[in-house]
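A.B. asks: Chains as they are written, first to last, in my numbering: chain Y, 1 to 87; chain S, 1 to 87; chain C, 1 to 87; chain Z, 1 to 87; chain B, 1 to 87.
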Amino acid sequence: MDIMQVEDSLVCSRRVPGLANVSLRVLRSRSGSRAVAVDTIGTRPGNWVFTISGSAARLAVGSKILTDLSIGGIIDRWDEDSRAALD
Amino acid sequence: MDIMQVEDSLVCSRRVPGLANVSLRVLRSRSGSRAVAVDTIGTRPGNWVFTISGSAARLAVGSKILTDLSIGGIIDRWDEDSRAALD
Amino acid sequence: MDIMQVEDSLVCSRRVPGLANVSLRVLRSRSGSRAVAVDTIGTRPGNWVFTISGSAARLAVGSKILTDLSIGGIIDRWDEDSRAALD
Amino acid sequence: MDIMQVEDSLVCSRRVPGLANVSLRVLRSRSGSRAVAVDTIGTRPGNWVFTISGSAARLAVGSKILTDLSIGGIIDRWDEDSRAALD
Amino acid sequence: MDIMQVEDSLVCSRRVPGLANVSLRVLRSRSGSRAVAVDTIGTRPGNWVFTISGSAARLAVGSKILTDLSIGGIIDRWDEDSRAALD
């Protein structure tokens, strides 16, 4: 599972049926790469979250949602800068 | 799920049976790497899309299509340059 | 399976149901990237461990825990520095 | 699915039972990394192909072949140099 | 499937039940990254092998062994240096 920060929502009118009516978020990793994840717990921009990938991503949000990445939880406190300082 | 841009179609006469008669697109990520995805929603070159990988890719387009990457949706607006400027 | 070092615990009050009541650890790879894993064997900060990813991660800790990364074992001795010196 | 070029065959006398009697090819990506794939369609060195990974790789060549990478098709025309020039 | 070289065994007294009593090897890729794999064919340090990842890794060595990486075969001849010279 990876640690990423919520950037904003993804607006996407035309989708495959297996992802209709789910909330999609654009996430950004510390290294600057972006990914799209299903959000079932209601995150906001700026939240640090951890993500679940693969078949577990699907099972975690209900197996009919055909995602490969889901938000697994909101991290209570995450200080990216102090972590980076340890490296 | 990842964000990529449609470059063009992939012409491929000789394929395994599990991928016969499906539309394949060459996608390009922001970093310049390329991938091939199944397209069931009718994308055009230049569209920004998000992709589904792994077993979800297969389920999203019908489980008899043996892909590991499928186009999940067309993003309504994606300004790669302004995103990059935030980094 | 990958080799990583336990950094600390991850405090995360709000989670998807499939990860309620499990211990989560922040791990750090040699290259400095971080990941979150389920810990069912009781590791401590500083331990070198190997991790199991994908569907095996889920099966290794009980298939109702919806993780994509689990700690598989604690390595008896791991001298990262002497390994690095071989490279 | 990824785009790679066939380099040559892989000679491997001692294998796990799930990969006995299949043709293995060494593939090379544009960035120079190498991978091994099952070939059921008869590729030759120099062919540009696309590859299927994960569980789809197994299903694409018959689920008793325990591979994580299979050649999915031969690309009719692929001009790596002109693609690279676009980047 | 990837090409890696066997470095040595991994001694790991405390493990999850799904990996008890299996031989684990530390492998090293050409780029210097390390991984841990289940070995059911009896490799020795210095051998060049190819590895199977994902759910196929598990099936290749018996589905009760909860690994995400297994050694698939020993390569008869592998000259890393002459390959590198081609790049």
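Backbone N, C-alpha and C define an ideal beta-carbon position, used for all residues, glycine too. Computed from a predicted model, the values in this text were never measured in an experiment.
Do you know offhand how far S:T40's Cα is from Y:S63's?
C.D. replies: In a straight line, the C-alpha of S:T40 is about 21 Å away from that of Y:S63.
A.B. asks: Whole angstroms are fine: how far does the CA of B:I3 sit from the CA of B:N47?
C.D. replies: One C-alpha to the other measures close to 11 Å.
A.B. asks: Give me the Cα-Cα distance between Y:R14 and S:A57, rounded to the nearest whole angstrom.
C.D. replies: So the two alpha carbons sit approximately 16 Å from each other.
A.B. asks: Checking contacts by CB at 7 Å: is B:V11 closer than that to chain C?
C.D. replies: True, the Cβ-Cβ gap to chain C drops below 7 Å.
A.B. asks: If you measure between the beta carbons of Z:V49 and Z:L10, is that distance less than 7 Å?
C.D. replies: Not closer than 7 Å, so no.
A.B. asks: Pull the bridge partners of C:R28 from the DSSP assignment, please.
C.D. replies: The partner list for C:R28 (beta bridge, DSSP) reads C:Q5, C:R34.
A.B. asks: Please check if any C-beta of chain B sits within less than 7 Å of the C-beta of C:I75.
C.D. replies: Yes, C:I75 lies at the interface with chain B (some Cβ there is under 7 Å from its Cβ).
A.B. asks: Using 10 angstroms around the beta-carbon of B:A60, count the other beta-carbons present and answer buried if the total reaches 16, otherwise exposed.
C.D. replies: Flag for B:A60 reads buried.
A.B. asks: Ordered along the chain, which non-local residues of its own chain (more than five positions away) have a Cβ less than 8 Å from that of Z:L24?
C.D. replies: If we look at Z:L24 and ignore the five residues flanking it on each side, its Cβ neighbours are S9, L10, C12, V36, A37, V38, D39.
A.B. asks: With a threshold of 6 Å on Cβ separation, who are the neighbours of Y:I75 within its own chain once the five nearest residues in sequence on each side are excluded?
C.D. replies: For Y:I75, where only same-chain residues beyond five positions count, the Cβ hits under 6 Å are W48.
A.B. asks: What are the boundary residues of the beta strand (DSSP E) that S:L69 is part of?
C.D. replies: Counting along the chain, the beta strand (DSSP E) containing S:L69 begins and ends at 69-74.
A.B. asks: Give the range of the beta strand (DSSP E) segment to which B:V49 is assigned.
C.D. replies: Residues 48-53.
A.B. asks: Within 10 Å of its beta-carbon, does Y:D79 have 16 or more other beta-carbons around it, so buried, or fewer, so exposed?
C.D. replies: That one is exposed.
A.B. asks: Using three-state DSSP, classify C:R77 as helix, strand or coil.
C.D. replies: Correct three-state label for C:R77: coil.
A.B. asks: Let me see if you follow: with CB-CB separation under 7 Å, is C:L69 close to chain Y or not?
C.D. replies: Chain Y, which has a Cβ nearer than 7 Å to the Cβ of C:L69, makes this yes.
A.B. asks: For Z:R44, tell me which candidate among Z:P17, Z:D81, Z:V26 has the shortest Cα-Cα distance.
C.D. replies: Nearest of Z:P17, Z:D81, Z:V26 to Z:R44, Cα basis: Z:V26.
A.B. asks: Could you tell me whether any Cβ in chain Y is nearer than 7 Å to the Cβ of S:S55?
C.D. replies: At least one chain Y Cβ lies under 7 Å of S:S55.
A.B. asks: Using the three-state DSSP reduction, which class does C:R58 fall into: helix, strand or coil?
C.D. replies: Residue state, collapsed to three classes: helix.
A.B. asks: Does S:R14 come out as helix, strand or coil in the three-state DSSP assignment?
C.D. replies: Three-state DSSP puts S:R14 in a strand.
A.B. asks: Checking 7 Å against the spacing of the C-beta atoms, do C:S55 and B:S55 come in under that value?
C.D. replies: Yes, these two residues count as a Cβ contact at 7 Å.
A.B. asks: Helix, strand or coil for Y:A20 per DSSP?
C.D. replies: Looking at Y:A20 - three-state DSSP - the assignment turns out to be coil, as it is neither helix nor strand.
A.B. asks: Based on Cα-Cα distance, which residue from B:I65, B:S31, B:E7 lies nearest to B:N21?
C.D. replies: For the residues B:I65, B:S31, B:E7, the minimum Cα distance to B:N21 belongs to B:I65.
A.B. asks: Considering only residues of the same chain and omitting the five flanking positions on each side of S:L19, which have a CB-CB separation below 8 Å?
C.D. replies: So the qualifying residues of the chain are V38, I65, L66, T67.
A.B. asks: In whole angstroms, what separates the C-alpha of Y:S53 from that of Y:M1?
C.D. replies: About 7 Å.
A.B. asks: Are the beta-carbon atoms belonging to Z:V16 and B:G42 less than 7 Å from one another?
C.D. replies: Cβ atoms of Z:V16 and B:G42: not closer than 7 Å.
A.B. asks: Listing by chain order, which chain Y residues have their CB less than 9 Å from the CB of S:D39?
C.D. replies: Here the premise fails: no neighbours, minimum Cβ distance about 10 Å.
A.B. asks: Within this structure, are the beta carbons of Z:R34 and Z:Q5 separated by less than 7 Å?
C.D. replies: Their beta carbons are not under 7 Å apart, which means Z:R34 does not touch Z:Q5 by this criterion.
A.B. asks: Along chain B, in chain order, which residues have C-beta atoms closer than 7 Å to that of C:I3?
C.D. replies: Near C:I3 (Cβ distances below 7 Å), the residues of chain B are R34, V36.
A.B. asks: In angstroms with no decimal places, state the Cα-to-Cα distance between Y:T51 and C:A84.
C.D. replies: Distance between the alpha carbons of Y:T51 and C:A84: 30 Å.
A.B. asks: Ignore the nearest five residues each way along the sequence and tell me which others in Z:R30's own chain have a CB closer than 7 Å to its CB.
C.D. replies: Once the five neighbours on either side are set aside, the close Cβ partners of Z:R30 are E80.
A.B. asks: At a Cβ threshold of 7 Å, is Y:L24 touching chain C?
C.D. replies: No, no contact with chain C.
A.B. asks: Please decide whether Y:G18 counts as near chain S, where near means a Cβ-Cβ distance under 7 Å.
C.D. replies: Chain S, which has a Cβ nearer than 7 Å to the Cβ of Y:G18, makes this yes.
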